[in-house]
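Asks: Protein chains in written order, with the numbering used here: chain A, 306 to 559; chain B, 2 to 326.
Got a structure for you, written out below as structure tokens; questions coming shortly.
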Amino acid sequence: MSFLTLDGVGRRFGAVQALKGISLSVEKGELRAIIGPNGAGKTTLFNLISGYFPPSEGSIQFDGQPILAVSPNALVRRGIIRTFQITQVFLSLSVYENLRVAVETAMGLQLRPWISRNVRNQVEAKVEELAAITRIGPKMDRIVGEMSHGDQRVVEVGIALSRHPKLLLLDEPTAGMGDEETNHMTDLIRRLNKEQGITILFVEHDMAIVFGIADRITVLDNGTMLAEGTAREISENPRVQSAYLGNALEENAA
Amino acid sequence: MSASIETKPAAAQGSARMLVAAGIWVLLLLVPLWLPALGGYTDLATRALIYAIAASGLNLVLGYTGGLSFGHAAYFGLGAYGAGLCLIYIAPSLPLAILAGTVLGGIAGILVGPMAMKRKGIYFAMITIAFGQMFYFIAVRWNALTGGEDGLTGFSRVPLHLGGHAIHMGPVRFYYLVLALFAVVMLVLWQILRSPLGHSFVAVRENTTRLRFLGVAVDKQIWVAFAISTFITALAGALNALLTGFASPDNLGWQLSGSFVVICVLGGMRSYWGPFLGAIIFIVAQDYLSSVTQNWMSFIGLIFVLAVLFFPQGLLGFIKGRARS
């Protein structure tokens with residue numbers, strides 16, 4: 306049994322079939338990219354896996370257990386955590402305050418009006434650890450809303466890491482970033498996967514990144530699964546070429 | 002590099018803040034000495050502190066948790082009626098009256114909280130107003146108990162019994178009692194705001210979606226903030242009844258709720274001392290303007306509009322911004 310298994314998953318919104326017959330499996334420790342043209346159903350797939358809404362048909366299994374209609378809360382406890390296409394951070398707080406509240410709530414302290422020095426030190430240590438992994442430490446006192454989009458994305462990943470995710474879902478992690486920021490994020494994703502052993506699923510438009518770091522790639526088109534395989538298999542797949550990569554290349558050329 | 006540059010002003014800001022806080026407490030302790038010299042009277046300062054308590058309580062929801070509660074007078078009023086009814090029907094005890102009012106308003110807050118917290122933004126505001134008006138009409142209609150539109154009278158500030166001594170509560174002594182309770186409230190709020198509980202309140206204000214997808218039960222946090230907030234505002238109401246010897250339906254009404262919001266916005270919703278500063282401005286302006294014109298409320302309104310236009314972060318937010326740059 307794979308770590309994450311989708312079996313015949315579909316989702317309708319009224320008359321619109323956003324996703325249909327998606328069957329895929331992700332192994333533990335895998336770095337999986339999901340690609341596809343706009344409207345292919347990538348974000349819908351993310352929303353299904355992260356429990357944002359339930360599928361209309363099919364089943365999803367994570368770590369040997371079904372995750373149909375499970376609350377976000379329960380999914381987080383099971384180890385699934387996601388980032389959003391629109392960065393979700395605490396904008397008027399500093400990086401430190403963002404990570405601190407993430408750590409405190411991860412430790413279940415959110416109803417505690419006071420904590421012992423010992424617990425406070427534990428919180429501080431965890432915050433330091435997150436800052437070290439994400440390499441955001443030097444910007445700890447900056448207000449997140451005043452930082453670049455790329456830095457905000459890194460903070461968001463730091464917040465997600467406070468939950469010790471087993472499965473991390475990243476929705477377009479490098480969208481709208483400059484080269485340097487993109488490199489930083491790509492490096493972060495790879496390190497989280499290789500060094501922290503976190504299974505990662507990410508939606509990405511930048512083909513250089515996808516082919517550069519993903520172990521395997523799933524291609525969606527028009528709500529269905531078009532292909533799945535390694536970077537080489539995908540790039541050589543004629544259906545993918547005609548349906549997606551060809552268009553993408555044309556777009557890039559134009 | 003940037004960290005070391007930023008730490009120093011932060012430390013300097015911290016000690017400057019301590020100095021300002023110490024100054025405020027000294028001034029408050031000495032009010033009976035300097036206020037008469039400026040043409041004020043002790044009850045005015047007492048009223049300002051009571052409004053500061055009420056608004057600081059409201060601000061835990063409004064400024065820190067981001068919930069637009071426009072019905073907080075309900076809990077202020079319940080505090081007032083609770084204190085008055087306790088003195089009339091239960092026992093002529095000052096501490097008991099204060100406790101009764103605080104608990105009555107706080108319990109109402111605990112009950113209303115779950116119904117309000119399910120809604121966000123303007124809907125939350127509408128529900129809080131609706132509950133406020135519900136309590137208002139109960140007070141007006143339940144003539145036998147509450148005195149109806151005339152309000153609840155027939156109680157007074159009984160002496161405080163401490164170790165066999167009866168301490169009569171003149172204006173100055175009552176001022177110090179209110180000041181002591183104000184200090185307790187500010188200490189409680191300070192502790193909450195520096196704790197994980199307070200951090201989570203701010204996180205609710207900043208981004209509910211993010212918090213929910215971290216697995217935090219956001220509704221519960223809002224409920225707790227609302228409940229704590231109503232206890233504090235109810236305490237203020239109880240003290241107000243003891244100050245005036247009177248609990249009126251107006252203590253529950255939406256106009257007063259609006260005044261509390263105005264006080265928070267005027268002083269600065271994101272500031273610990275903001276509601277306190279707002280309360281002083283509001284009470285002093287009200288006292289002065291109402292002696293000059295019957296239409297004092299329109300001048301308060303004008304001040305409010307100007308403040309929102311020119312100091313969107315409140316007066317204290319503006320001052321802090323200037324101090325930083």
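Where a beta carbon is used, it is the ideal one built from N, C-alpha and C, also for glycine.
No experiment lies behind these values; they were computed from the predicted model shown.
Ser397/A touches chain B at which residues, Cβ-Cβ below 9 Å?
Replies: Val203, Arg206, Glu207 and Arg271
Asks: So the candidates are Gly334/A, Gly341/A, Ser330/A and Pro342/A; which of them puts its Cα closest to the Cα of Ile354/A?
Replies: Ser330/A
Asks: Could you tell me whether any non-hydrogen atom of the ligand ZN is closer than 6 Å to the CB of Ala286/B?
Replies: By its list of ligands, the structure shown contains no ligand whatsoever, and the ligand ZN lies outside what it can speak to.
Asks: Would a check of beta-carbon distances place Asn352/A closer than 7 Å to chain B?
Replies: no
Asks: Over the uninterrupted beta strand (DSSP E) stretch that includes Thr504/A, give me the two end residues.
Replies: Taken as a continuous stretch (DSSP letters only), the beta strand (DSSP E) holding Thr504/A covers Thr504 to Val508.
Asks: Could you please tell me which residues of the segment 404-437 of chain A, in chain order, have their CB closer than 7 Å to any CB of chain B?
Replies: Arg405, Val406, Ala407, Glu409, Thr410, Leu414, Gln415, Leu416, Arg417, Pro418, Trp419 and Ile420
Asks: Report yes if the CB atom of Ser70/B is closer than 7 Å to the CB atom of Leu63/B, and no otherwise.
Replies: yes
Asks: In whole angstroms, give me the CA-to-CA distance for Arg468/A and Phe358/A.
Replies: 21 Å
Asks: Relative to the alpha-carbon of Ile284/B, which residue among Pro115/B, Lys221/B, Cys265/B and Val189/B has its alpha-carbon at the smallest distance?
Replies: Ile284/B has its Cα closest to that of Cys265/B, out of Pro115/B, Lys221/B, Cys265/B and Val189/B.
Asks: Please compile the residues from chain A whose C-beta is within a distance smaller than 7 Å of the C-beta of Ile193/B.
Replies: Pro418
Asks: Report yes or no: do the segment 93-100 of chain B and the segment 153-165 of chain B share at least 3 C-beta pairs separated by less than 8 Å?
Replies: yes
Asks: Excluding five sequence neighbours on each side, which residues of the same chain lie with their C-beta closer than 7 Å to the C-beta of Gly155/B?
Replies: Ile89
Asks: Is the distance from the Cβ of Leu404/A to the Cβ of Val432/A below 7 Å?
Replies: Contact flag set, yes.
Asks: Quick one: does Val381/A have its CB under 7 Å from some CB of chain B?
Replies: The Cβ of Val381/A sits closer than 7 Å to at least one Cβ of chain B.
Asks: Quick check: what's the CA-CA separation for Ala513/A versus Ile385/A?
Replies: Ala513/A and Ile385/A: Cα-Cα distance of roughly 26 Å.
Asks: State yes or no: is the beta carbon of Gln322/A nearer than 7 Å to at least one beta carbon in chain B?
Replies: no
Asks: Under the rule that 16 or more other beta-carbon atoms within 10 Å means buried, what is Tyr42/B, buried or exposed?
Replies: exposed
Asks: Can you tell me which of Gly455/A, Asp492/A, Ala465/A and Asp526/A puts its alpha carbon nearest to the alpha carbon of Val515/A?
Replies: Asp492/A
Asks: Tell me whether Trp281/A is buried or exposed, calling it buried when 16 or more other Cβ atoms sit within 10 Å of its Cβ.
Replies: There is no way to answer for residue 281/A, as the model of chain A reaches only from 306 to 559.
Asks: What number of angstroms, rounded off, separates the C-alpha of Gly494/A from the C-alpha of Lys121/B?
Replies: Residue 494/A is actually Ile in this sequence, not Gly. So the two alpha carbons sit approximately 35 Å from each other.
Asks: Under 7 Å, do Thr234/B and Leu59/B count as touching if we go by C-beta distance?
Replies: yes
Asks: Is the beta carbon of Ala49/B less than 7 Å from the beta carbon of Leu153/B?
Replies: no
Asks: Going by DSSP in three states, Leu69/B sits in which element: helix, strand or coil?
Replies: Leu69/B carries a coil assignment under DSSP once its states are collapsed to helix, strand and coil.
Asks: Any beta carbon of chain A sitting closer than 7 Å to that of Pro197/B?
Replies: yes
Asks: For chain A, check one thing: does any of its Cβ atoms lie closer than 7 Å to the Cβ of Thr103/B?
Replies: no
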